[in-house]
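A.B. asks: Per the working numbering, residue 1201 is the first one in the sequence shown, and the count goes up by one each step. First the structure, then my questions, so here it is.
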Amino acid sequence: MNNESTCSARHINHVCIAVLNIEETLEFYENLFGVTKSGEIETIEDQGVKAALVRVGASQLEFIQPIDNENGVAKFIDRRGEGVHHICFEVDNLESKLNELDLAGVQLIDKEPRDGLSGTIGFIHPKSTRGVLIELVDQKTARR
């Protein structure tokens, strides 16, 4: 087996869950698991969501709620219901990783890094990852 990977990940940064009501969901997770959000609920206009992170030990959960009924997250919930939306791997040098993946023929949603809740992000299309939406994040190059 080849030990050289196209995009080595440092660790799982977060698992994202799409929800209909972020406030109720955060309260539910706080009451059930004793976790609290890492910051305020933020509106991410370019993604059309309200989002919040919750720390669970060394990992995080991200909750996203669509802010309109026409965006991708709203359509995801309509098709599949509330649930796991994507997995986020933390990487170094995101721009370079996206270029390497593109050159390797991996279908990308984002060919250029953009701002996200956890740092600078880019998404890999589920068609290239056996059905799982993958987000890559580089916290070192966060633009926020």
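Virtual Cβ for every residue (Gly too), placed ideally from N, Cα, C.
1) Taking DSSP as the reference, what is the three-state secondary structure of glycine 1322?
2) Taking C-alpha atoms, which residue in Arg1314, Glu1290 and Thr1320 lies nearest to histidine 1211?
3) Decide if lysine 1327 is buried, meaning its Cβ has at least 16 other Cβ atoms within 10 Å, or exposed.
4) Assuming the contact rule is C-beta atoms closer than 8 Å, isoleucine 1222 and alanine 1252 should be a hit. Round their C-beta distance to whole Å, please.
5) Does any residue of chain D have a CB that is nearer than 9 Å to the CB of lysine 1311?
6) For glutamine 1307, count neighbouring Cβ atoms within 10 angstroms of its own Cβ and tell me buried if that reaches 16, exposed if not.
7) In this structure, how does DSSP classify arginine 1255 when only helix, strand and coil are distinguished?
8) Along the beta strand (DSSP E) that carries aspartate 1338, what are the first and last residues, could you check?
9) Taking the CB atoms as reference points, tell me whether threonine 1341 and glutamate 1295 lie closer together than 9 Å.
10) Would you kindly work out how many angstroms separate the C-alpha atoms of arginine 1344 and glutamine 1265, rounded to a whole number?
11) For cysteine 1288, tell me which candidate among Gly1248, Glu1335, Gln1339 and Ser1208 has the shortest Cα-Cα distance.
12) Measuring CB to CB, does glycine 1248 end up less than 9 Å from isoleucine 1277?
C.D. replies: According to the structure data:
1) When DSSP states are grouped into helix, strand and coil, glycine 1322 belongs to the strand group.
2) Looking at the Cα atoms, Glu1290 is the closest of the given residues.
3) So lysine 1327 ends up on the exposed side.
4) That belief holds up - the Cβ atoms of isoleucine 1222 and alanine 1252 are roughly 6 Å apart, short of 8 Å.
5) Judged by its chain identifiers, the structure shown contains no chain D, having just a single protein chain.
6) Glutamine 1307 comes out exposed.
7) Strand at arginine 1255.
8) 1334-1338 is the extent of the beta strand (DSSP E) around aspartate 1338.
9) Going by C-beta atoms, threonine 1341 is nearer than 9 Å to glutamate 1295.
10) Its pLDDT being 46, under 50, arginine 1344 is placed unreliably by the model, and the measurement read from it follows with that caveat. Going by the C-alpha atoms only, they are around 20 Å apart.
11) For the residues Gly1248, Glu1335, Gln1339 and Ser1208, the minimum Cα distance to cysteine 1288 belongs to Glu1335.
12) No. Outside cutoff.
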